[in-house]
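**Q** Here the sequence shown is numbered in our numbering, starting from 608 and rising by one per residue.
Next up is a structure, given as structure tokens.
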Amino acid sequence: MPIILPNHKLEEIPSIVFSELRNGISRKKHPFKNVVLTTVNEKTPMSRWVVFRKLTLENNLLIYTDSRSEKIKTLRKNSNCGILFYNNKQGLQIYFRTVSTIHQNNELTKKYWQGVVGTSSENYTTIYPPSSPINNIYEGHKTEKDLNDKHFSIIELCPINMSVLQLSRDGHIRANFSKANNGWEGTFIVP
Ligand SMILES: Cc1cc2nc3c(=O)[nH]c(=O)nc-3n(C[C@H](O)[C@H](O)[C@H](O)COP(=O)(O)O)c2cc1C
């Protein structure tokens, strides 16, 4: 069922979107749990699924990763990236153009590392860095004895633009917004 309806005002849409993003974090199996992150290396785009972990008080989005990963190398060179959500039950697509900040070995990573428990910590503690060629699959699972947060990093994504598409049998609704003066300014556009 659509959640953005023809009687909604343009200026109501950003708060509907962000409350839906909060649902994505708090509700199990919500379609916004996973999101597609696109980076651009030189001129080559690369997309991959990641887990959408947190929405900050400033409405920035947090993603966990290994600091040795390709996406981090790319983001260090070009902090512009995009993040794409789709809720197939609601027919709601949201795309954010974002600027990223990488956190490693700081207060934020220390805070959230405490919540990375058990086998999850192995995602950030492999002996060989992500994307290294290996001779067999077991080498890819070898972790350091001390499961510490040395390689644990958080990508903080600050949205600059937001593009919203609500699919609906009653007529699709599409709107674009840009961040302005701590709020969002936008316009409806032809779907
Ligand atoms: C559903 C799903 C969730 C994923 N979540 C993450 C994640 O939160 N962080 C991450 O670094 N990789 C995650 N991955 C793996 C990435 O898609 C990707 O394969 C990996 O991070 C390497 O990407 P890179 O070489 O571009 O850095 C996830 C994959 C899937 C299918």
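The C-beta atom is built at its ideal place from N, Cα and C for all residues, glycine as well.
Keep in mind it's a predicted model, so treat the numbers as computed, not measured.
CA-CA distance, Arg704 and Thr750?
**A** In a straight line, the C-alpha of Arg704 is about 35 Å away from that of Thr750.
**Q** Taking only the alpha-carbon atoms, compute the straight-line gap between Met608 and Asn695 and give it to the nearest angstrom.
**A** When rounded, the distance between both Cα atoms is 9 Å.
**Q** Name the DSSP bridge partner or partners of Lys661?
**A** Looking at the DSSP assignment, Lys661 forms a beta bridge with Leu669.
**Q** Less than 8 Å between the C-beta atoms of Val642 and Phe659, yes or no?
**A** It is a contact, given that the beta carbons lie within the stated cut-off.
**Q** Any heavy atom of ligand 1 inside 7 Å of the beta-carbon of Ser728?
**A** False, no ligand heavy atom lies under 7 Å from that Cβ.
**Q** Using DSSP bridges, identify the partner residues of Arg629.
**A** Partner(s): none; Arg629 has no beta bridge.
**Q** What are the boundary residues of the beta strand (DSSP E) that includes Arg811?
**A** The structure shown does not extend to residue 811, since the chain is modelled only from 608 through 798, so no value can be given for it.
**Q** When the Cα atoms are used, what is the spatial distance from Gln721 to His779?
**A** If you take the alpha carbons of Gln721 and His779, they lie about 43 Å apart.
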